[in-house]
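Protein chains in written order, with the numbering used here: chain F, 1 to 174; chain W, 175 to 726.
Cβ coordinates follow ideal geometry from the N, Cα and C atoms, glycine included.
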Amino acid sequence: MTTQIIKNKAIVDDDWLVLRPESDTAPESVAVPEGKVIVPLKVWQAQKESLQQRKAIGVWLASDERPEELKNELSRFQVIAVDFPRFADGRGYSLAFTLRNHLGYAGELRAIGDVLRDQLFYMQRVGFDAFAPRPDRSIEDALKGLSDFSVKYQASWDEKIPLFRRTHRKEKTA
Amino acid sequence: MYRYDQYDQTIVDERIAQFRDQVRRRLDGDLTEEEFRPLRVQNGLYLQLHAYMLRVAIPYGLLDSTKLHKLAHIARTYDRGYGHFSTRQNIQFNWVKLDDAPDMLDELAAVGLHSIQSAGNCIRNITSDQYAGVAADEVIDPRPYAEILRQWSTFHPEFAYLPRKFKIAINGAVDDRAVTAVHDIGLTVVHNEAGEVGFRVMVGGGLGRFPMAASVIRDFLPWQHMTTYSEAILRVYNQYGHREDAYKARLKILVKAIGGARFAKEVEEEWAHLKDGPGTLTVEELQRVSGYFTAPAYETLPAVDTEVEHHLQTNKAFANWLKRNVKPHRVPGYNVVVLSLKKSGVPPGDASAEQMDAAAGMADRFSFGEVRVTHEQNLVLADVRNQDLYEVWQEAKANGLATPNIGLLTDIICCPGRDYCIMPNAKSIPIALAITERFDNLDYLQDIGEIELNLSGCINACAHHHLGHIGIYGVNRDGEEWYQVSLGGSQGNNTAFGETIGPWFSSDQIPAAIERLIEVYLRKRNDEERFIDTVRRLGIEPFSDHVYGIPA
């Protein structure tokens with residue numbers, strides 16, 4: 001199945017499947033289909049031996065899970081996704097920043113779940129480079145959210161140097 | 175005061191463009207109300223009982239005359255001719271139409287004002303000492319640090335969807351006038367033994383349903399690390415703060431749950447990733463920002479002005495005002511003048527457009543064009559010469575800004591309550607007005623002396639009722655409004671939360687109950703003892719006994 005996502009500031013086709021098993025299924029019993037699948041952290045941990053044989057595998061973190069759990073395995077994934085169960089649950093921003101900045105993850109980092117246009121600018125700042133906007137919304141519209149601001153005061157993942165170190169700021173003349 | 179450069183202006187302008195589009199998409203139905211709500215709220219726009227309310231940020235309470243004239247214009251053009259100054263040094267307009275909001279923001283941006291992050295689950299407006307730069311007891315001017323924090327926190331991408339709102343206050347004086355102990359982060363600028371500048375860092379303070387005083391997690395943080403250390407605190411909070419129950423989502427609950435020491439350890443571990451990194455502040459940046467907060471061109475003046483002394487001897491009303499509303503200034507011959515927004519018959523903290531214009535005009539002629547907003551909901555002219563005091567008094571009086579009640583019982587700190595706000599279930603303004611009316615006799619008020627009365631319409635404590643020497647808050651039970659009274663709270667260096675004196679009062683019982691509390695004080699006080707000191711000495715029992723009619 002092909003859908004569209006935003007990746008590197010462009011709309012692209014995507015053939016990854018985000019696996020969201022029923023919550024009452026034990027992680028070791030979850031059936032992982034063939035092909036490119038992004039599995040929940042718990043499924044990865046329970047079925048690591050077989051899943052790591054695959055050519056392509058991705059993992060997703062829930063907002064209450066810790067990125068440190070993937071510490072020594074980051075290079076095994078073609079994609080890591082962070083789930084936003086509600087757009088107002090902001091834990092995913094710190095998760096993403098921690099993955100990038102503290103753990104050094106350099107691969108695709110995808111925002112999934114309740115992903116909406118008006119949060120995309122912040123998401124790209126903390127380290128997301130791929131976004132799967134909610135399917136009931138226009139992806140073309142969502143793309144516009146990436147360019148809401150041209151100035152950033154503070155450092156984050158996208159801009160390592162805060163404004164005061166990047167520019168020579170002078171008082172505005174009257 | 176700070177003035178925007180091209181970067182500051184661009185950010186504010188781009189936010190307005192973004193918001194204008196968000197409003198359009200909301201009106202077109204492309205955004206649901208649930209999706210729109212945090213976007214508008216983080217731009218200061220609340221849906222209240224009767225209309226939208228726009229809360230304009232006044233960073234650390236500092237205004238100039240141009241800004242204040244603009245606020246007057248906004249009040250006249252888009253509201254009903256007045257605004258309400260809040261306990262967080264902001265101003266609220268209560269009768270706003272949604273489709274007017276972007277135009278209001280355009281007008282505000284033209285003079286360097288905005289409503290960014292004045293509400294919502296994000297880092298809110300940074301508050302500070304209303305007497306910063308002029309206070310006689312100031313150790314270090316906190317304003318440059320407050321401005322640096324404002325910029326750092328503005329649109330911080332990681333901290334816009336926190337578990338709950340996040341408030342930072344900063345104080346640089348001996349006497350804490352910024353209520354730092356009840357903020358999520360309370361910073362005090364201090365010197366260490368080597369004479370270097372840094373901060374004592376407190377976290378996890380707050381009021382509301384579970385009032386808590388902040389815990390010190392670091393005795394000295396060198397100033398260069400102010401923002402990286404704050405970032406570490408926020409990152410720990412953002413990941414581990416409760417999110418299910420709004421009443422348990424403030425940082426104070428997390429700090430209480432795991433303890434200050436454990437929280438400090440988490441912060442230090444997180445900070446280890448950031449310490450000395452590019453977020454570290456530079457001397458150049460501090461100097462740049464400090465350059466906006468230099469002292470105005472003070473004249474060399476005699477400490478005493480003979481004409482003022484003459485008026486003082488012959489004019490009792492002027493003398494009263496001088497005693498109550500004029501505070502010491504660090505420079506000889508200058509004074510800090512408080513313009514009271516606590517006139518009898520007017521909701522506490524409300525100012526009409528005419529009063530704002532008048533205050534701005536006085537600022538231009540008598541106080542280097544600056545005005546401050548206090549968290550006690552009054553305005554301040556911070557640099558008034560002795561020789562101008564009489565004229566300032568007359569002009570303030572003519573504009574209803576000279577009620578000589580600063581620090582007295584009728585200087586009530588009060589939230590908007592159920593007359594406007596959607597949160598509380600009880601009214602606060604009519605109670606405040608009834609108390610003010612009861613204590614309208616100035617000699618009586620003067621005799622009672624210094625006392626802080628804080629009145630909130632609900633448990634959320636926007637009026638800081640826990641900190642009131644007398645605190646009142648309201649609830650609604652079975653369609654009736656009831657009020658609880660507490661005694662012995664205080665803000666500042668000895669922050670304390672008041673103790674409830676007993677059963678609830680109906681709204682019409684409150685003025686008499688307050689009067690009875692005062693009766694006990696007047697009977698039992700020693701010499702010059704203030705109300706709060708008598709309460710501390712005697713405890714609440716004699717007060718509650720008298721209020722509830724138990725014979726002594």
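Item                                                                                                                                                                                                                : Value
Rounding to the nearest angstrom, what Cα-Cα distance links valine 547 (chain W) and arginine 66 (chain F) in this structure?                                                                                       : 43 Å
I need the straight-line Cα distance from lysine 172 (chain F) to leucine 455 (chain W), nearest angstrom please.                                                                                                   : Model confidence at lysine 172 (chain F) stands at a pLDDT of 47, short of 50, so the residue's coordinates are unreliable; what they give is reported in the following sentence. Approximately 21 Å between the Cα atoms of the pair.
Rounded to whole angstroms, what's the CA-CA distance from glycine 451 (chain W) to glutamine 398 (chain W)? Just pull it up for me.                                                                                : 11 Å
Does the beta carbon of valine 126 (chain F) sit closer than 9 Å to a beta carbon anywhere in chain W?                                                                                                              : yes
Along chain F, which residues have their Cβ under 9 Å away from the Cβ of alanine 320 (chain W)?                                                                                                                    : None at all; the shortest Cβ gap to chain F is about 14 Å.
Looking only at its chain, what residues have a beta carbon closer than 8 Å to the beta carbon of proline 233 (chain W), apart from the 5 residues adjacent to it on each side?                                     : Tyr176, Asn299, Ile300, Ala320, Glu321, Arg324
Judging by CA-CA distance, which residue of W:Glu481, W:His243, W:Trp326 is the nearest neighbour of glutamate 459 (chain W)?                                                                                       : W:Trp326
For phenylalanine 373 (chain W) and methionine 400 (chain W), which I take to be in contact (beta-carbon distance under 8 Å), what is that distance rounded to the nearest angstrom?                                : 6 Å
Assign isoleucine 724 (chain W) to one of two classes, buried (16 or more other C-beta atoms within 10 Å of its C-beta) or exposed (fewer than that).                                                               : exposed
When every heavy atom of the ligand NAP is checked, does at least one fall within less than 8 Å of the C-beta of tyrosine 335 (chain W)?                                                                            : Annotation note on the ligand NAP: not contained in the displayed structure, which lists no ligands.
Between W:Asn634, W:Asn579, W:Asn489, W:Ile603, which lies nearest to proline 590 (chain W) when the distance is taken from Cα to Cα?                                                                               : W:Ile603
What in chain W is Cβ-close to lysine 170 (chain F), meaning under 7 Å?                                                                                                                                             : Asp179
If valine 151 (chain F) and arginine 134 (chain F) are in contact, beta carbons under 8 Å, what's the gap, nearest whole angstrom?                                                                                  : Contact flag wrong, Cβ pair sits at about 28 Å.
In terms of alpha-carbon separation, which member of W:Leu553, W:Leu213, W:Ala355 lies closest to histidine 640 (chain W)?                                                                                          : W:Ala355
Quick check: the Cα distance between leucine 336 (chain W) and tyrosine 722 (chain W), rounded to an integer number of angstroms?                                                                                   : 44 Å
To the nearest angstrom, report how far apart alanine 435 (chain W) and glutamate 442 (chain W) are at their CA atoms.                                                                                              : 10 Å
By the 10 Å Cβ neighbour count, where 16 or more other Cβ atoms means buried, how is leucine 448 (chain W) classified, buried or exposed?                                                                           : buried
Report yes or no: do three or more beta-carbon pairs, one from the segment 406 to 416 of chain W and one from the segment 94 to 110 of chain F, lie closer than 8 Å?                                                : yes
Tell me whether leucine 381 (chain W) is buried or exposed, calling it buried when 16 or more other Cβ atoms sit within 10 Å of its Cβ.                                                                             : buried
Should alanine 537 (chain W) be labelled buried (16 or more other beta-carbon atoms within 10 Å of its own) or exposed?                                                                                             : buried
Give me the chain F residues within the contact set of alanine 334 (chain W), using Cβ-Cβ distance strictly less than 9 Å, ordered along the chain.                                                                 : Gly90, Tyr93, Gln119, Tyr122
Let's test the definition: count the other Cβ atoms within 10 Å of the Cβ of leucine 163 (chain F) and tell me whether it reaches 16, buried, or not, exposed.                                                      : buried
Going by DSSP, name the residue or residues bridged to asparagine 785 (chain W).                                                                                                                                    : Outside the shown range of chain W, which is 175 to 726, sits residue 785 (chain W), and nothing can be said about it.
Going by DSSP, which residues form a beta bridge with tryptophan 60 (chain F)?                                                                                                                                      : F:Pro40, F:Ala81
Please state whether the Cβ-Cβ distance between arginine 351 (chain W) and glycine 666 (chain W) is less than 9 Å.                                                                                                  : yes
Taking 8 Å as the cut-off, does the segment 184 to 200 of chain W touch the segment 254 to 268 of chain W (at least 3 CB pairs, one atom from each stretch)?                                                        : no
Does the distance from the C-beta atom of glutamine 561 (chain W) to that of leucine 475 (chain W) stay below 9 Å?                                                                                                  : yes
Quick one, are the C-beta atoms of proline 521 (chain W) and aspartate 593 (chain W) less than 9 Å apart?                                                                                                           : yes
For the segment 238 to 255 of chain W against the segment 538 to 557 of chain W, do three or more pairs of beta-carbon atoms, one drawn from each stretch, fall closer than 8 Å, so that the two count as touching? : yes
Give the interface partners of asparagine 412 (chain W) over in chain F, defined as CB-CB distance under 8 Å, in chain order.                                                                                       : Gly90, Arg91, Tyr93, Ser94
Among residues of its own chain, excluding the 5 on either side of tyrosine 564 (chain W), which ones have a beta-carbon nearer than 8 Å to its beta-carbon?                                                        : Glu481, Val482, His485, Phe492
Counting along the chain, where does the alpha helix (DSSP H) carrying glycine 92 (chain F) start and finish?                                                                                                       : 91 to 97
Could you confirm whether any beta carbon from chain W is found closer than 9 Å to the beta carbon of asparagine 101 (chain F)?                                                                                     : yes
Applying a beta-carbon distance threshold of less than 9 Å, which residues of chain F neighbour leucine 213 (chain W)?                                                                                              : Asp118
If contacts are defined as beta-carbon pairs under 8 Å, then leucine 103 (chain F) and glutamine 124 (chain F) qualify, I think. What distance do you get, rounded to the angstrom?                                 : Wrong, their Cβ atoms sit about 19 Å apart, outside the cutoff.
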